[in-house]
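Here our numbering is used: the first residue of the sequence shown is 97, the next is one more, and so on.
Idealized CB from N, CA, C, for every residue including glycine.
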Amino acid sequence: QVRLVESGGGLVQAGGSLRLSCAASGFISRRNVMCWYRQTPGKQRELVATITSGDNTAYADSVKERFTISTDNARNTVYLQMNSLKPEDTALYYCYVRTPGFSEYWGQGAQVTVSS
């Protein structure tokens, strides 16, 4: 079992920055794949950023060059640094972990609101 707890959401003006954190407990493995998703009302959940077991990263086109995903060395925490925020980045952001055995876990969500 993996438990994920997000923090760091909030209200920010356009052009500002926020950093989301997701603290993981339970089955912590350097082979876990860790991601951030986001969702707005009436829309499907969107994959924002991924960091693989080999520390390779990938981003949605809409956030490239603005967002950065990273973890601490122990992979206890995954971060999403969000810079140059836009109103369209407003969403509920979810942390996601997939274990080597393909079990999937979600955090409870952190609200990010960007005002224009």
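| request: Tell me whether Arg127 is buried or exposed, calling it buried when 16 or more other Cβ atoms sit within 10 Å of its Cβ. | output: exposed
| field | Burial state of Phe163, where buried means 16 or more other Cβ atoms lie within 10 Å | value | buried
| field | Pairwise C-alpha distance: Leu181 and Ala173 | value | For clarity, residue 173 is Thr in the given sequence; the question names Ala instead. Cα to Cα, the separation comes out at about 22 Å.
| request: Measure the beta-carbon distance from Ala110 to Pro196 and round it to whole angstroms, keeping in mind my assumption that it falls under 8 Å. | output: That pair is no contact at about 40 Å.
| said: Among Met178, Thr153, Arg134 and Gly150, whose alpha-carbon lies nearest the alpha-carbon of Gly203? | reply: Arg134
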